[in-house]
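Visitor:
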Amino acid sequence: MSVLRHILPAVVSALVFLGCWESYVALTETSPLVLPAPSDVLNGLRVERAALARHAAATIGVAGIGFSLSVLFAVLVSVALHFAGWLRRGMMPLLVASQTVPIVALAPLMVLWFGFGLLPKVLLVILVTFFPMVVSLMAGYATLPRAFRDQLVSMGAGRWQVFRLAALPSARGHFFAGLRISATYAIVATIFAEYAGARRGLGIYILTAKNNFRADLVLSAVVISALLTLTLLALIHLIDRVTGRRHRRATHA
Amino acid sequence: MLEMQGLTIRAGNKTLVENLSLDLVTGRLTCLIGPSGCGKSSVIKWLSGVLAPELRAEGQVRMDGADLPLPHPAIAYQPQQDTLFPWLTIVENAALGLKIRGMDGAAAQRKVRALFPGFGLEGHEDSFPDQLSGGLRQRAAFLRTMVQDARVLLLDEPFSALDAVTRLKMQDWLTERLAEDPRAVLLVTHDLFEATQIADRVLVMGSRPGRIIADIPITTPRIARTEASLADTRAMLKSLLLEDLS
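So the protein sequences, as listed, match chains Z and F.
In terms of my numbering, the first sequence opens at residue 171 and continues consecutively.
In terms of my numbering, the second sequence opens at residue 2 and continues consecutively.
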């Protein structure tokens, strides 16, 4: 019952939105070149499913590699910044500055520098996604209560032990919050990178569809992209649930 | 016997604690009482090796005549907050000190588990801290302190978070545990009723700067400690503390 109560409003509002859209297109006889009806998009998904699957697979590959490396990179950088104050003071402005660069400008340059292969796309995904995770991790380490640290130090723990036994577990909630924010960027950043130049991927599919005036196929690819992001978020949620039984006590106690 | 001599703690130009000396003997519970902000916690933190880095301290600690570097395994510290990690079970929490000192995880847990019945924690081994009442959490925290086998225990306001009834029960409980397994204990409190109830000796700290203004042995046997028998001592302590505040 409660599941129904949670999901029902979302389903109803989505159906109403799509219904209005469909009727608007039918009543005004808008050209599908400008605004395809939801039924056209659905039809596009059905007809082009093989091509969409092939391009989506390429996008998943790039996003998967980029995002995984980004998580690894973020954890390593956050640990280094946590332990070295001078590094933190030196690097933070640079990291913040890296977030002010518009991807639109950077994506073509990446292709220019690194070619049409995997590297420029992976780098772009890392650049876009790692910052929220680094910031979340740093904030998480800082939530370690002073008394917890004192307790461990009085027991003879060194800095690394304090970090591993207390700071790292304290940062878990923040880490997953950062991971969720970054995950919403991962697929979008990949598509952006492909848009700037690629052989395969949803980005290049969208570009080709747009050049052929197939708005329905552009939107079909957008639907796939949204589904990919939602799947990634669900996966992260699942990992959090499965691995974090004892940690949820800390936040919901 | 642990001797601390000439402890002075400064924050910038301000002297928080001045030339404070005390000694702790195995089997004796010494209470350090004084008004809030007199530096009681700073003394105990310095002895535990966890004084805030912005404070400067000088002083000496000797154990049986030999200099002691801080923090030292012979001294176990229990902060005011019970500091049980919410993501660890009670057994894992209690074994933490042993693991840090290098004991194998399984051996540490065996040693800790064996103590649960004696601490009234049987059946709570694999519970998480948030499943325990305040009194039980305090027992778990004390188990963690005791199991480290340190000769000196430093307890910072161990009962301050408990309700009045639990507090009284826990005071008796603590003195019983210490009778079974004697240590040299320094317990910080701001409650003179508590101090006179459980201590063998009460050190009274004055403030601005923190220093010891009275050293009062409590000779009445614990079993004979009542409102009436302690009335004179409490009245004296009260006037000493009020005098310091004025």
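The beta-carbon is built from N, C-alpha and C at its ideal position, and this holds for glycine as well.
The structure displayed is predicted, hence computed values, not measured ones.
Between the Cα of Z/Y355 and those of Z/L400, Z/T413, Z/L257, spot the shortest distance and give me the residue it belongs to.
Guide: The sequence position of residue 355 of chain Z within the first sequence is 185, counting from 1. For Z/Y355, the nearest C-alpha among the options comes from Z/L400.
Visitor: Counting only beta-carbon atoms, is Z/F345 nearer than 8 Å to chain F?
Guide: Counted from its first residue, the first sequence places residue 345 of chain Z at position 175. No, no contact with chain F.
Visitor: Checking contacts by CB at 8 Å: is Z/R416 closer than that to chain F?
Guide: Here residue 416 of chain Z refers to the residue found at position 246 when the first sequence is read from its first residue. Output row for Z/R416: interface = yes.
Visitor: Could you check where the beta strand (DSSP E) with F/D173 kicks off and where it finishes?
Guide: Your numbering for residue 173 of chain F matches position 172 in the second sequence. Unbroken run through F/D173 is the alpha helix (DSSP H), 165-181; no beta strand (DSSP E).
Visitor: When the distance is taken between beta carbons, is Z/T360 closer than 8 Å to Z/T229?
Guide: For the purposes of this step, residue 229 of chain Z is taken as the residue at position 59 of the first sequence. For the purposes of this step, residue 360 of chain Z is taken as the residue at position 190 of the first sequence. Against a cut-off of 8 Å, the Cβ pair of Z/T360 and Z/T229 comes out as a contact.
Visitor: Would DSSP call F/L242 helix, strand or coil?
Guide: Counting from 1 along the second sequence, the entry for residue 242 of chain F is found at position 241. In this structure, F/L242 counts as helix in the three-state DSSP scheme.
Visitor: Would you kindly work out how many angstroms separate the C-alpha atoms of F/Y78 and F/G207, rounded to a whole number?
Guide: One-based indexing of the second sequence puts residue 78 of chain F at position 77. One-based indexing of the second sequence puts residue 207 of chain F at position 206. Their backbone Cα atoms lie some 23 Å apart in a straight line.
Visitor: Which chain Z residues sit within Cβ distance under 9 Å of F/R102?
Guide: As a first step, residue 102 of chain F is located in the second sequence; it is residue number 101 there, counting from the start. Under the 9 Å cutoff, chain Z gives M325, G326.
Visitor: Give me, in chain order, the residues of the same chain whose beta-carbon lies closer than 6 Å to that of F/D216; leave out the 5 immediate sequence neighbours on both sides.
Guide: Residue numbering aside, residue 216 of chain F sits at position 215 when the second sequence is read from its first letter. Counting only Cβ-Cβ distances below 6 Å, and skipping sequence neighbours, we find L204.
Visitor: Under 7 Å Cβ to Cβ from F/V21, same chain only, skipping five residues before and after it: list those, please.
Guide: Working through the second sequence from its first residue, we reach residue 21 of chain F at position 20. The sequence as given places Leu at residue 21 of chain F; Val does not occur at that position. Once the five neighbours on either side are set aside, the close Cβ partners of F/L21 are L8, V44, G211, R212, I213.
Visitor: Have a look at F/N14, F/L56, F/K46, F/G66 and flag the residue whose alpha-carbon is nearest the alpha-carbon of F/E4.
Guide: The count along the second sequence starts at 1 and reaches residue 4 of chain F at position 3. Taking only the C-alpha atoms, the option nearest F/E4 is F/G66.
Visitor: Please confirm whether F/L154 and F/R184 have their CB atoms less than 8 Å apart.
Guide: Here residue 154 of chain F refers to the residue found at position 153 of the second sequence. Here residue 184 of chain F refers to the residue found at position 183 of the second sequence. Result yes, Cβ atoms of F/L154 and F/R184 sit closer than 8 Å.
Visitor: Does any CB atom of chain F fall closer than 8 Å to the CB of Z/A368?
Guide: Numbered from 1 along the first sequence, position 198 holds the residue referred to as residue 368 of chain Z. For Z/A368, no CB of chain F lies under 8 Å from its own CB, so it is not counted at the interface with that chain.
Visitor: For a contact meaning CB atoms closer than 7 Å, what does F/V51 contact in chain Z?
Guide: Counting from 1 along the second sequence, the entry for residue 51 of chain F is found at position 50. Under the 7 Å cutoff, chain Z gives D320, V323, S324.
Visitor: DSSP has F/G207 in a bridge; who is on the other side?
Guide: Along the second sequence, read from residue 1 onward, the residue named residue 207 of chain F stands at position 206. For F/G207, which the question treats as bridged, DSSP gives the partners F/R212.
Visitor: Where DSSP assigns a beta bridge to F/R138, which residues make up the other side?
Guide: Numbered from its first residue, the second sequence carries residue 138 of chain F at position 137. For F/R138, which the question treats as bridged, DSSP gives no partner whatsoever.
Visitor: Using a Cβ-Cβ distance under 8 Å, would Z/Q331 count as near chain F?
Guide: The residue given as residue 331 of chain Z occupies position 161 in the first sequence. It does: the Cβ of Z/Q331 has a partner Cβ on chain F nearer than 8 Å.
Visitor: When you compare each of F/H73, F/R152, F/S240 to Z/V323 by their alpha carbons, which one comes out closest?
Guide: The residue you call residue 323 of chain Z lines up with position 153 of the first sequence. The shortest C-alpha separation from Z/V323 is found at F/H73.
Visitor: Straight-line CA distance for Z/G343 to F/K239?
Guide: For the purposes of this step, residue 343 of chain Z is taken as the residue at position 173 of the first sequence. For the purposes of this step, residue 239 of chain F is taken as the residue at position 238 of the second sequence. Taking the straight line joining both Cα atoms gives about 47 Å.
Visitor: With a Cβ-Cβ cutoff of 8 Å, do Z/L377 and Z/V211 count as a contact?
Guide: Counting from 1 along the first sequence, the entry for residue 377 of chain Z is found at position 207. Counting from 1 along the first sequence, the entry for residue 211 of chain Z is found at position 41. No.
Visitor: Which residues in chain F have a C-beta closer than 8 Å to the C-beta of Z/A317? List them in chain order.
Guide: Residue numbering aside, residue 317 of chain Z sits at position 147 when the first sequence is read from its first letter. Under the 8 Å cutoff, chain F gives P80, Q81, Q82, T84.
Visitor: Please give me, in chain order, every unbroken run of the alpha helix (DSSP H) with length at least 4 that falls completely inside the stretch 84-155 of chain F.
Guide: 91-95, 97-101, 106-116, 135-147
Visitor: Hey, out of F/L144, F/D105, F/F86, whose CA is closest to F/G121's CA?
Guide: Position 120 of the second sequence holds residue 121 of chain F. F/G121 has its Cα closest to that of F/L144, out of F/L144, F/D105, F/F86.
Visitor: Below 8 Å on the Cβ atoms is my contact criterion, and I expect Z/L215 with Z/V393 to pass it. Report the Cβ-Cβ distance as a whole number of Å.
Guide: What you label residue 215 of chain Z is simply residue 45 of the first sequence in a count that begins at 1. What you label residue 393 of chain Z is simply residue 223 of the first sequence in a count that begins at 1. Indeed, because the Cβ distance is near 7 Å, the residues count as touching under 8 Å.
Visitor: Per DSSP, which residues does F/Y78 bridge with? Please list them.
Guide: Here residue 78 of chain F corresponds to residue number 77 of the second sequence, with the count starting at 1. Note: F/Y78 sits in a beta bridge opposite F/L155.
Visitor: Which of helix, strand or coil does DSSP assign to F/A58?
Guide: Along the second sequence, one-based indexing puts residue 58 of chain F at 57. If DSSP states are grouped into helix, strand and coil, F/A58 belongs with the strands.
Visitor: What are the start and end residues of the alpha helix (DSSP H) that includes F/A196?
Guide: As a working note, residue 196 of chain F is residue 195 in the second sequence. 193-199 is the span of the alpha helix (DSSP H), which, as asked, contains F/A196.
Visitor: How would you write the range of the beta strand (DSSP E) that F/I34 sits in, first residue to last?
Guide: Numbered from its first residue, the second sequence carries residue 34 of chain F at position 33. Note, F/I34: beta strand (DSSP E), 30-34.
Visitor: Chain Z partners of F/K46, CB-CB under 8 Å?
Guide: Looking up residue 46 of chain F in the second sequence gives position 45. Result: D320.
Visitor: Strictly below 8 Å CB to CB, what residues from chain F border Z/P339?
Guide: The sequence position of residue 339 of chain Z within the first sequence is 169, counting from 1. Within 8 Å Cβ-Cβ: F86, W88.
Visitor: If you follow the alpha helix (DSSP H) that F/E19 is part of, which residue opens it and which one closes it?
Guide: Mapped onto the second sequence, residue 19 of chain F falls at position 18. Residue range 15-25 is occupied by the beta strand (DSSP E) that includes F/E19, with no alpha helix (DSSP H) assigned at that position.
Visitor: Alpha carbons only, please: which of Z/D386, Z/Y365, Z/L387 is nearest the one belonging to Z/V274?
Guide: Counting from 1 along the first sequence, the entry for residue 274 of chain Z is found at position 104. Answer by Cα proximity: Z/Y365.
Visitor: Would you call the stretch 289-296 of chain Z and the stretch 378-385 of chain Z touching, i.e. three or more CB-CB distances under 8 Å?
Guide: Segments in contact, no.
Visitor: In the structure shown, what three-state DSSP assignment does Z/T198 receive?
Guide: For this step, residue 198 of chain Z is matched to residue 28 along the first sequence. The answer is helix: DSSP assigns Z/T198 an H, G or I state.
Visitor: State the CB to CB distance for the pair F/D83 and F/Q149, rounded to an integer number of angstroms; the pair is presumed to be in contact (CB under 8 Å).
Guide: Numbered from 1 along the second sequence, position 82 holds the residue referred to as residue 83 of chain F. Numbered from 1 along the second sequence, position 148 holds the residue referred to as residue 149 of chain F. At roughly 16 Å, the Cβ-Cβ gap does not stay under 8 Å, so F/D83 and F/Q149 are not in contact.
Visitor: Entirely within the stretch 309-388 of chain Z and at least 4 residues each: give me those alpha helix (DSSP H) ranges in chain order.
Guide: 316-324, 329-332, 342-366, 372-381
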